[in-house]
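My numbering applies: residue 4 is where the sequence shown begins, and numbers increase by one. Just so you know, even glycine gets a beta-carbon here, dropped at the ideal spot from N, CA and C.
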Amino acid sequence: MTRILDVDLTDPQLYISGFPHDVFTELRARGPVHFHPPVEGRLGITPIPFWSIVAHGEIQQANRDWKTFASTDGPMLAPNPLISAGRSLITLDPPDHVEMRRIISSEFTPRMIGALEQRLTDRTARILRAAAGRTCDFVRDIAYQVPMHLIADIIGIPEDDRAWVFERTDHLLQAGNPYGEYSEDDRLALQVEVFEYAQRITADKRANPADDVWTKLAEQLDGFELEMFFLLLSIAGSETTRNALTMGLIALLDHPDQLAELRANRELSQTAADEILRWSSPVLIFGRTATRDVTIGGQDLKAGDRVVFWHPSGNRDETVFDDPFRFDIHRSPNPHIAFGGGGVHYCLGANLAHKEIRVVLESIVTGYDIELAGPPVWTGPGPVHNVGIGIDSLPVRVTARN
């Protein structure tokens with residue numbers, strides 16, 4: 004078995020300035036599926052062989068075939084025993100996945116997200132007013148605050164607890180980078196703090212039921228399942244959206260003509276949000292394990308093989324997207340796979356993330372001017388975890404238009 008392209012996709016240096024689209028463009032040109040041998044010495048990545056799926060169609064095919072490409076070993080590049088030890092949405096396939104998803108799915112329907120829109124609009128307005136008239140960090144002060152507050156509203160986290168919860172969650176995200184300033188002991192300590200908070204809020208909701216997601220979950224789940232749900236909602240519901248918002252803002256500032264169009268026609272926020280999701284592709288990878296021998300993309304995989312979907316690559320697939328390296332808020336149709344390739348594992352928060360991006364865009368273009376006050380600072384070790392790269396900070400000046 005030979006490699007198609009002599010490049011180590013686990014090398015963190017590939018990702019220091021964002022996703023290495025040039026590498027994956029060449030990979031797609033040589034085939035949709037590629038074998039990658041194990042690499043020793045990569046922090047946070049078990050040295051195992053894996054298959055990379057880099058083309059849009061094959062990512063969709065594999066993602067929808069949960070019987071062949073199982074999620075039970077976790078979504079990281081390599082199997083993760085800690086994540087796989089308990090029941091979680093990201094490690095279950097049908098029928099268990101369907102049952103757990105059913106418990107919470109009613110809170111993420113388009114109708115329910117629509118009901119949250121005014122709350123989202125009001126919160127976004129407060130956050131932008133607080134940022135106006137000064138230089139701030141778009142990531143920390145705006146792009147992170149919006150999704151975290153909305154998730155906190157959905158879960159039912161008290162206002163007085165939010166600063167602490169947001170800080171711990173942010174530190175836990177940073178601690179996921181094994182090349183960063185946090186030790187493994189630091190990461191575990193932060194995880195314990197977040198889990199203990201989940202236990203406290205669970206006890207409170209059981210004693211004082213409310214009209215929120217956590218009351219509903221606490222009635223039907225317990226222990227590790229609940230703690231993992233809290234972690235999933237807090238991290239998956241914030242990190243991906245803040246990266247999409249930040250990369251989307253940069254793209255719009257790089258295309259002032261399209262920003263002007265959006266200001267003149269807020270209805271364009273619908274297609275603009277989809278293009279931002281395609282452009283940013285905040286989910287880097289999803290890992291699966293083959294349950295049987297299968298041929299995909301011309302390659303013969305064996306039962307037990309590890310398979311990795313590269314979503315940013317699929318979202319630049321030249322066979323699906325016309326001129327894929329052109330940012331275009333008019334792009335339609337836009338079959339991006341930022342939320343996964345469809346099927347039972349389609350992102351539960353897709354409607355929520357899309358609505359958040361639309362509301363923030365509309366709030367900015369109707370009331371504020373934003374200009375860069377410095378370059379973006381990228382962070383992330385690559386495919387150590389699902390959202391393996393992102394923008395850590397983006398200094399901007401925010402000015403109210405009236």
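Here Ser316 is near Phe27, since their CB atoms are less than 8 Å apart. Sixteen is the threshold: when 16 or more other Cβ atoms of the shown chains lie within 10 Å of the Cβ of Phe111, as they do, the residue is buried. Around the C-beta of Trp167, fewer than 16 other C-beta atoms lie within 10 Å, and the residue is accordingly described as exposed. In the displayed model, Ser109 falls within a helix according to three-state DSSP.
Taking C-alpha positions only, Ile367 is separated from Ile56 by approximately 37 Å.
Shortest Cα-Cα distance from Tyr371 to any of Gly226, Gln302, Lys70 and Ile145 involves Ile145. Around the beta carbon of Asp9, a 10 Å sphere encloses fewer than 16 other beta carbons of the protein chains shown; the residue is thus reported as exposed.
Counting only residues of its own chain and dropping the five nearest sequence neighbours on each side, Leu176 has a CB closer than 7 Å to the CB of Ile238 and Glu242. Sorting Ile299, Leu364 and Lys208 by C-alpha distance to the C-alpha of Glu278 places Leu364 at the top. Annotated three-state conformation of Thr138 is strand, per DSSP. Shown here, Leu304 sits in a strand according to DSSP, grouped into three states.
Within the same chain, and ignoring the five residues on either side of Ala247 in sequence, the residues whose Cβ sits closer than 8 Å to its Cβ are Ile279, Leu280, Ser283, Pro285, Ala341, Ala356 and Ile360. Contact annotation, Val387 with Gly179: C-beta distance approximately 7 Å; criterion of less than 8 Å satisfied. Leu255 and Gln261 have their C-alpha atoms spaced approximately 7 Å apart.
Along the length of the segment 151-212, whole alpha helix (DSSP H) runs at least 4 residues long occupy 162-178 and 187-210, reported in chain order. When C-alpha distances from Tyr147 are compared across Phe169, Ile160, Arg129 and Ala133, the shortest belongs to Phe169. Judged by their CB atoms, Val36 and Gly226 are not nearer to each other than the 8 Å cut-off. Pairing Arg104 with Leu123 gives a Cβ-Cβ distance that is not under 8 Å.
Looking only at Phe141, Asp11, Arg269 and Glu228, the smallest Cα-Cα distance to Val380 is reached by Phe141. C-alpha of Pro78 to C-alpha of Arg404: approximately 44 Å in a straight line.
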